[in-house]
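>
Residue numbers (my numbering): 452 to 571.
1. Out of 542, 523 and 558, point me to the one whose CA is closest to residue 552's CA.
2. At the level of alpha carbons, what is the spacing between residue 466 and residue 539?
3. From 533, 524 and 554, pick the residue whose C-alpha is nearest to that of residue 498; which is it?
4. According to DSSP, is residue 519 helix, strand or coil?
5. Along the chain, where does the beta strand (DSSP E) containing residue 500 start, and where does it finish?
6. So, helix, strand or coil for residue 491, using DSSP?
7. Near residue 494, which residues of its chain fall below 8 Å by C-beta distance, leaving aside the five closest residues on each side in sequence?
8. Which residues mark the beginning and the end of the beta strand (DSSP E) in which residue 562 is found?
9. So, with DSSP's three-state summary, where would you put residue 481?
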């Protein structure tokens with residue numbers, strides 16, 4: 452008798468949300484670690500992001516006008532870090548003037564804990 456292989460494919464459906472923060476939009480899923488513009492709060496504390504533009508889970512999709520009512524994303528602040536150094540160099544020709552300025556943008560690293568939806 453021949454042995455057949457039993458193949459079971461399990462497709463895990465991940466809920467996702469598109470959240471607005473600091474003039475940008477980010478696609479997030481539960482358990483994801485993201486790095487955003489600086490957020491107020493201490494490392495280890497929890498923040499709630501309520502500007503959810505879109506929610507999706509499987510084949511269902513809910514678009515906000517402009518925000519999805521009752522939806523929010525819970526995240527934990529992991530650490531505050533600085534971005535890469537950007538150098539700005541200014542000079543005036545024939546004047547002996549030159550100036551170098553460096554800038555490092557502050558960022559916050561977050562772990563997405565939960566996506567709560569009041570709709571789906």
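Just so it is clear, CB atoms sit at the ideal spot from N, CA and C, and this is done for glycine as well.
Considering the structure as presented:
1. On the chain shown, position 101 is the one that residue 552 refers to. Selected option, being the one with the closest Cα: 542.
2. Your numbering for residue 466 matches position 15 in the chain shown. Your numbering for residue 539 matches position 88 in the chain shown. Those two C-alpha atoms are separated by around 41 Å.
3. On the chain shown, residue 498 is found 47 positions in, with the first residue counted as 1. Ranking the options by Cα distance to residue 498, first place goes to 524.
4. By one-based count along the chain shown, residue 519 stands at place 68. The answer is coil: DSSP assigns residue 519 none of H, G, I, E or B.
5. As a working note, residue 500 is residue 49 in the chain shown. Run containing residue 500: 497 to 500, per the beta strand (DSSP E) assignment.
6. Indexing the chain shown from 1 puts residue 491 at position 40. DSSP places residue 491 in coil when its eight states are reduced to three.
7. Here the question's residue 494 lines up with position 43 in the chain shown. Within the same chain, residue 494 has close Cβ partners 528, 529, 530 and 531.
8. Counted from its first residue, the chain shown places residue 562 at position 111. Where residue 562 is concerned, the enclosing beta strand (DSSP E) stretches over 548 to 567.
9. What you label residue 481 is simply residue 30 of the chain shown in a count that begins at 1. Of the three classes helix, strand and coil, the one that applies to residue 481 here is coil, per DSSP.
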